[in-house]
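Q: To convert, take the position in the sequence shown, counting from 1, and add 873; that gives my numbering.
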Amino acid sequence: MFGIDGAKLIVIAAVALVVIGPRDLQRTLAKLGKTIGNLRRMAAQVRSQFDELIKDTELDKVRNELRSVRDDIRGDR
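#1: Can you tell me whether Ile927 is helix, strand or coil according to DSSP?
#2: Work out the CA separation of Phe923 and Ala916 for me, nearest whole Å.
#3: DSSP state of Ile909, grouped into three classes?
#4: Any idea what DSSP makes of Ile877, helix, strand or coil?
#5: Verify the contact flag: Ser921, CB atom, against every heavy atom of the ligand GTP, threshold strictly below 7 Å.
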């Protein structure tokens, strides 16, 4: 998990407990979870839009090639 082993995770949890406090820790972790979820969703949307852009670009290339072939065939008549 992100290159963090069990011992480091325990140290991070202990520091968070001391710095944030036991009352606010649950609320803070919930906010962190929501933020991570939002970031993952946004990353998925960006990936999807990028894939769609690449797909559209490839379709434009194929469309232009087909037009070129069509024009060549019409010119040969």
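Where is the CB? At the ideal position from N, CA and C, for every residue including glycine. Being a predicted model, the structure only gives us computed values, none of them experimental.
A: Looking at the atomic coordinates:
#1: helix
#2: 10 Å
#3: helix
#4: coil
#5: Absence of the ligand GTP from the depicted structure is noted, as is the absence of any ligand whatsoever, leaving it without description.
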